[in-house]
Amino acid sequence: MAGIDRRAKDVMTDRTENAVSVEQRLRESEARLRLLTEASSDVLYRMSPDWGEMKELDGGGFLPSTSSSKPNRSWLLSYIPETDQAAVTAAIDDAIRLKTTFDLEHRVVRSDGTVGWTQSRAVPLLSAAGEIIEWFGAASDISARRDAEAALQESEAKLRKLNATLERQVNERTAERDRMWDTSPDLLVAVDFNGMFRRVNPAWTTVLGYEPDELIGHHVNEFVVPNDHDKTVDAYETAAAGNQLRIENRYRHKDGSNRTISWVAAPAGDITYATGRDVTAEREMEARLHDEQDFARLALSAVGGVGVWTYDVATDLFFCDAAVSALYALDPERGAAGLPREEFLANVHPQDRISLQKTMSGGLQRSGDLELEYRLVHPDGSIRWVLSRGHTYFDENGKPVRRTGVGVDMTGQRQIEDQLRQAQKMEAVGQLTGGLAHDFNNLLTGMMGNLELLQLRLERGKLDDAERFINAAQGAGRRAASLTQRLLAFSRRQTLDPKPTDVNRLIAGMEDLLRRTVGSTANIEVVGAAGLWPAMIDATQLESAILNLCINARDAMPEGGRITIDTANTSLDDRAALERDLPPGQYLSVCVTDTGTGMSPATIERAFEPFYTTKPIGQGTGLGLSMIYGFARQSGGQVRISSELGQGTTICIYLPRYAGDALPSDQEEAIATAALASGETILVVDDEATIRHLIDEVLDEQGYTV
Numbered sequence: 001m002a003g004i005d006r007r008a009k010d011v012m013t014d015r016t017e018n019a020v021s022v023e024q025r026l027r028e029s030e031a032r033l034r035l036l037t038e039a040s041s042d043v044l045y046r047m048s049p050d051w052g053e054m055k056e057l058d059g060g061g062f063l064p065s066t067s068s069s070k071p072n073r074s075w076l077l078s079y080i081p082e083t084d085q086a087a088v089t090a091a092i093d094d095a096i097r098l099k100t101t102f103d104l105e106h107r108v109v110r111s112d113g114t115v116g117w118t119q120s121r122a123v124p125l126l127s128a129a130g131e132i133i134e135w136f137g138a139a140s141d142i143s144a145r146r147d148a149e150a151a152l153q154e155s156e157a158k159l160r161k162l163n164a165t166l167e168r169q170v171n172e173r174t175a176e177r178d179r180m181w182d183t184s185p186d187l188l189v190a191v192d193f194n195g196m197f198r199r200v201n202p203a204w205t206t207v208l209g210y211e212p213d214e215l216i217g218h219h220v221n222e223f224v225v226p227n228d229h230d231k232t233v234d235a236y237e238t239a240a241a242g243n244q245l246r247i248e249n250r251y252r253h254k255d256g257s258n259r260t261i262s263w264v265a266a267p268a269g270d271i272t273y274a275t276g277r278d279v280t281a282e283r284e285m286e287a288r289l290h291d292e293q294d295f296a297r298l299a300l301s302a303v304g305g306v307g308v309w310t311y312d313v314a315t316d317l318f319f320c321d322a323a324v325s326a327l328y329a330l331d332p333e334r335g336a337a338g339l340p341r342e343e344f345l346a347n348v349h350p351q352d353r354i355s356l357q358k359t360m361s362g363g364l365q366r367s368g369d370l371e372l373e374y375r376l377v378h379p380d381g382s383i384r385w386v387l388s389r390g391h392t393y394f395d396e397n398g399k400p401v402r403r404t405g406v407g408v409d410m411t412g413q414r415q416i417e418d419q420l421r422q423a424q425k426m427e428a429v430g431q432l433t434g435g436l437a438h439d440f441n442n443l444l445t446g447m448m449g450n451l452e453l454l455q456l457r458l459e460r461g462k463l464d465d466a467e468r469f470i471n472a473a474q475g476a477g478r479r480a481a482s483l484t485q486r487l488l489a490f491s492r493r494q495t496l497d498p499k500p501t502d503v504n505r506l507i508a509g510m511e512d513l514l515r516r517t518v519g520s521t522a523n524i525e526v527v528g529a530a531g532l533w534p535a536m537i538d539a540t541q542l543e544s545a546i547l548n549l550c551i552n553a554r555d556a557m558p559e560g561g562r563i564t565i566d567t568a569n570t571s572l573d574d575r576a577a578l579e580r581d582l583p584p585g586q587y588l589s590v591c592v593t594d595t596g597t598g599m600s601p602a603t604i605e606r607a608f609e610p611f612y613t614t615k616p617i618g619q620g621t622g623l624g625l626s627m628i629y630g631f632a633r634q635s636g637g638q639v640r641i642s643s644e645l646g647q648g649t650t651i652c653i654y655l656p657r658y659a660g661d662a663l664p665s666d667q668e669e670a671i672a673t674a675a676l677a678s679g680e681t682i683l684v685v686d687d688e689a690t691i692r693h694l695i696d697e698v699l700d701e702q703g704y705t706v
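The working numbering applies: residue 1 is where the sequence shown begins, and numbers increase by one.
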């Protein structure tokens, strides 16, 4: 028994010692686990079998910790965002059902309230019967990794999008390049540095007649005109050195003709890419133009006083030949090399400079044609008249490029015109003489008769009707003086002295002269438009033109008739201006209409020719209408004739509107009583005794010593 008790005691002692040892080891293990947990950044947790409550959570600073004494039953709502609650719950249900490891990456609400990512893994502790006792789990903070993955995914998405965009753009550019290559009307070619064709576009077939397989693999000079071989080889050597180049050479067309091609080429690696344009037509046109210019120079050299000039818009330089240089008093060498515009036009008469500048500017902006006559003042003081005619050439965008024209020395013609104008004036004066002599005879008869009657009455001492005879004599004298003044004004006219003019007032002032000139067989009616625009003209030239038209109208009415002079404002649109050979704009018209015999179409066609007349020899010079036409054109206007045989004639002068005001007309001073003398002495000198005695008497009446 004693032995059994001893053994039993030993066994109990061993068990006690073993239990103590196990408990000690368990405490040591828990201590090590606690230390490991504290040292770890991971979250450790324990969950009930159904995950209904969190028994313990060591958040590791990532999540709020929960002690075992206060289990958390709302952990799902506390730690899991609403967006991930369904996924977490589903994963838990699967793990419980399968009694397997719970493993899921999901978002959690961190200690600072922000949302992060965690990888949570929990294993079940099973009883001997295989039932879940509890769950032990750990969760790692993978927010940084998930952020990096998201950034990587975003970057990869952007890269994929960029690659797709680049690929699409490359494909589009390639397709565009291929379309340009296939559809370009210019020659496109790839040539190696040995001068061998590598690729050509379809334009080669259109321009030169060769199919691509007839060119590729062949040397360029097989198709180049032999005389251009050397410069073609030099061009490829230039490209091989890495330089861009421009070259023109001639290729043989498949039909045997030659075509001139202008090339622009650039190297890329060991290939030269070039674009060529067929400029054969341009070069042929240039050659013809040079031939025509040479011919024109030869022709002009045979005509004195005519030369050629060209104005280049881009450089603002004038180029001229020797004839124009002589006409403008310029150095011929400088004229050929190019002169600045101001220097070329330096000798233009000051009075003509503004009109010339306006005409030049208008031709560059609105019209391609220029025609103007103006004066040049030579260094020796002499005046030369020049007629400048030119045409402006525009580029494809409508911008002026150059103006080319001729300069014609009109000085001799101007002198002849002055002589012809004087002859015309003398002819008009001759026609005036008969009517004026009759009028003056009537006026003198009236004056002398009344004076003689007055003398008889004075001798008889009858003074009753003296004032009546005196007034009648004075009235006749005033009418004679008025007629004399009109005749003097007509005889004093000069050439080309344009001033702003009231045309209605001018016509009204010459009515008496017109009526006496045409005589009593023709009735003159003047219809002046209200508000008529002024014109910048030589008033005496217009007076002469109107007088001439009235004389012609009278001669066209041998049985008498009516002459109507009417004025009007006229705005010409493009169509109306074209019909009258005028630029569009505002004009005033002066029309003279008669009821005479009219004119045939053949006569109208030649009416403005100098020396052409339908009057008998000795009754007309044929200069009247030609001078009127010259005056109108020189004033920037035009003359038009409307007539039918037996239906009368209307001749209209169109003159450009002047934008300013007309100058006031010379008004006759009112007769005023002379001032009484204060002891002054006046010497009177006159070659007519009656006038001298008359002045003596008048001055003596005023108290002057004569």
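Virtual Cβ for every residue (Gly too), placed ideally from N, Cα, C. Please read these numbers as outputs of a predicted model, since none were measured by experiment.
- If the five residues before and after residue 105 are omitted, its C-beta is found closer than 6 Å to the C-beta atoms of 119, all from its own chain and listed in chain order.
- Less than 8 Å divides the Cβ of residue 247 from the Cβ of residue 235.
- Look at residue 460 here: in three-state DSSP terms it is coil, with no helix or strand label.
- Out of 374, 167, 407, 379, the CA that lies nearest to the CA of residue 390 is found in 407.
- Of the candidates 190, 635, 308, 499, the residue whose Cα lies closest to the Cα of residue 269 is 190.
- By the criterion of at least three beta-carbon pairs nearer than 8 Å, the segment 44-51 is in contact with the segment 131-144.
- Take the alpha-carbon of residue 260 and the one of residue 217: they are about 22 Å apart.
- By the C-beta density criterion, residue 397 is exposed, having fewer than 16 other C-beta atoms within 10 angstroms.
- A contact between stretches requires three or more CB pairs, one per stretch, nearer than 8 Å, and the segment 647-657 meets this requirement with the segment 529-546.
- For residue 318 against residue 339, the beta-carbon gap comes to about 5 Å, under 8 Å, which counts as contact.
- Counting along the chain, no alpha helix (DSSP H) covers residue 654; the unbroken beta strand (DSSP E) around it starts and ends at 649-656.
- Across the set 522, 344, 252, 586, the C-alpha of 522 shows the shortest separation from the C-alpha of residue 593.
- Annotation: the continuous beta strand (DSSP E) that includes residue 103 extends over 102-109.
- Bounds of any alpha helix (DSSP H) do not take in residue 307; it lies within the beta strand (DSSP E) bounded by 306-312.
- Approximately 6 Å separates the beta-carbon atoms of residue 454 and residue 466; this is inside 8 Å, confirming the contact.
- Cα atoms of residue 249 and residue 228: separation of roughly 6 Å, rounded to the nearest angstrom.
- Pairwise C-beta distances place the segment 516-530 in contact with the segment 554-570, as three or more of them are shorter than 8 Å.
- DSSP, reduced to helix, strand and coil, places residue 218 outside both helices and strands of the structure shown, so it counts as coil.
- Close CB contacts of residue 532 within its chain, under the 7 Å cut and outside five residues either way in sequence, are with 503, 504, 567, 569, 588 (chain order).
- Under the three-state reduction of DSSP, residue 266 is assigned to strand.
- The Cβ-Cβ distance between residue 202 and residue 182 falls below 8 Å.
- For residue 174, the enclosing alpha helix (DSSP H) has its first and last residue at 143-183.
- Around residue 103, the same chain offers 121 as residues with beta carbons nearer than 7 Å, after the five sequence neighbours per side are excluded.
- Looking only at 126, 399, 107, 100, the smallest Cα-Cα distance to residue 146 is reached by 107.
- Counting only residues of its own chain and dropping the five nearest sequence neighbours on each side, residue 413 has a CB closer than 8 Å to the CB of 385.
- With contacts defined by Cβ atoms closer than 8 Å, residue 136 and residue 125 form a contacting pair.
- If you draw a straight line from the Cα of residue 516 to the Cα of residue 547, it comes to about 11 Å.
- In this model, residue 141 and residue 43 are separated by some 8 Å (Cα to Cα).
- Nearest in C-alpha terms to residue 580, of all of 609, 345, 632, 598, is 632.
- Counting only residues of its own chain and dropping the five nearest sequence neighbours on each side, residue 648 has a CB closer than 7 Å to the CB of 593, 594, 595, 596, 598.
- A distance below 8 Å between beta-carbons, with the five flanking residues on each side excluded, links residue 92 to the following residues of its chain, in chain order: 51, 102.
- From the listed residues 590, 639, 635, the smallest Cα separation to residue 609 is found for 639.
- For residue 569, the enclosing beta strand (DSSP E) stretches over residues 561-572.
- 8 Å or more divides the Cβ of residue 225 from the Cβ of residue 313.
- The alpha-carbon of residue 379 is positioned some 30 Å away from that of residue 541.
- Taking residue 650 as the centre and dropping the five residues before and after it, the same chain places the C-beta of 591, 593, 642 closer than 6 Å to its C-beta, in chain order.
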